[in-house]
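Take a look at the structure set out below.
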Amino acid sequence: MAHTRGRIRAAAGVLAAAALTTAMFATGANAAERDVAGSAAPPIVGGEPAQIEQSPWVVFLTDPMGNQFCGGTIGAANKIVTAAHCVEGTNPMELRVVAGREDKTTSEGTVAAATDVWVHPDYQSATSGADVAVVTLDRELPQPPLPLATTADTAAYQPGREAEVFGWGATSEGGESSDVLQRAVVPVTSDADCSSAYGEYDPAAMVCAGYPEGGVDSCQGDSGGPLVADGKLIGIVSTGNGCARPGYPGIYTRVSSYESEVRAQLAAQR
Ligand code: ARG
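So the sequence shown is numbered by numbering that gives the first Met the number 0: it starts at 0 and just counts up by one.
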């Protein structure tokens, strides 16, 4: 059976050919020219809008002006799980979380302010692992949290296992971010395939997902958002070489490896 070809598009330019990027705010002036993977493709490469009601735990992060720059997942009523590289060094006062809003151009849902940001103590850069953070909100969200994958969830990480990724990021490499929530299905990649693509791949800290031929991937602006299998958060959008390039799957934080530490943060009263 044919896979659903979805690709989550996002906004960032300035991608050196072989460079791993963790660009967050870059809205490339030369975005169109840099659209490597999508240059011969129609404007929406199998992009699939998703309904927020079907994935109510997906949220996005904004600056105080309301500009979306990353995704996240509700982990507890007043806690968001996201990528460390999205929020590292960010003053909580400068951070907002939007829940229950499928279309960024509307004002539906809830806008919560951050009161605290926990970044994993081992985090240095997305390419060295521990790319996970927990944001505490000033209120409880009405939407349900998504459970974290644990070390017992081995089936969810089996190579070939189809997982879903969600976000409002770029819909092509170097392209513009999406106004509406997008969803794509990507198979989990084996550790061997991911290490041959990325020398820095650490199977204890990361998991890859994508098709060998590329074409479907998360992208800039999707960082921090969820990779979901078996109804659990198995990955956090972290990094990758470009977006949807053949031979370069997306790299996600392996949630099961950090589950106990994240769970402790989700339970922390602050
Ligand atoms: N680092 C990007 C961000 O901050 C996400 C990149 C994901 N790349 C990929 N090929 N899956 O939004």
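Ideal Cβ placement from N, Cα and C applies to all residues, glycine included.
Collapsing the DSSP output to three states places E93 in a helix. Residues of the same chain with a CB within less than 7 Å of the CB of G223, apart from the 5 flanking positions on each side, are L60, C69, G70, G71, T81, A82, C85, I235, V236 in chain order. A heavy atom of the ligand ARG is found nearer than 7 Å to the CB of G239. At a cut-off of 7 Å, the beta-carbon of S124 does not count as near the ligand ARG: no heavy atom of the ligand is closer than that. Collapsing the DSSP output to three states places D192 in a helix. DSSP, reduced to helix, strand and coil, places T126 within a helical segment of the structure shown. Secondary-structure assignment with DSSP links G70 through a beta bridge to F59.
Our two residues, P63 and R160, have alpha carbons roughly 38 Å apart in a direct line.
For L226, no alpha helix (DSSP H) segment is defined; the enclosing uninterrupted segment is the beta strand (DSSP E) at 225 to 228.
Taking C-alpha positions only, A191 is separated from Y200 by approximately 10 Å. Using a Cβ distance threshold of 8 Å, C207 and G166 do not count as a contacting pair.
Between P141 and the set M92, G65, W56, the nearest pair of CA atoms involves W56.
The C-beta distance from V131 to T252 rounds to 5 Å, short enough to meet the 8 Å contact threshold.
Within the region 199 to 259, the complete beta strand (DSSP E) runs of at least 3 residues fall at 205 to 208, 225 to 228, 231 to 238, 249 to 253. Taken through DSSP and simplified to helix, strand or coil, L265 comes out as helix.
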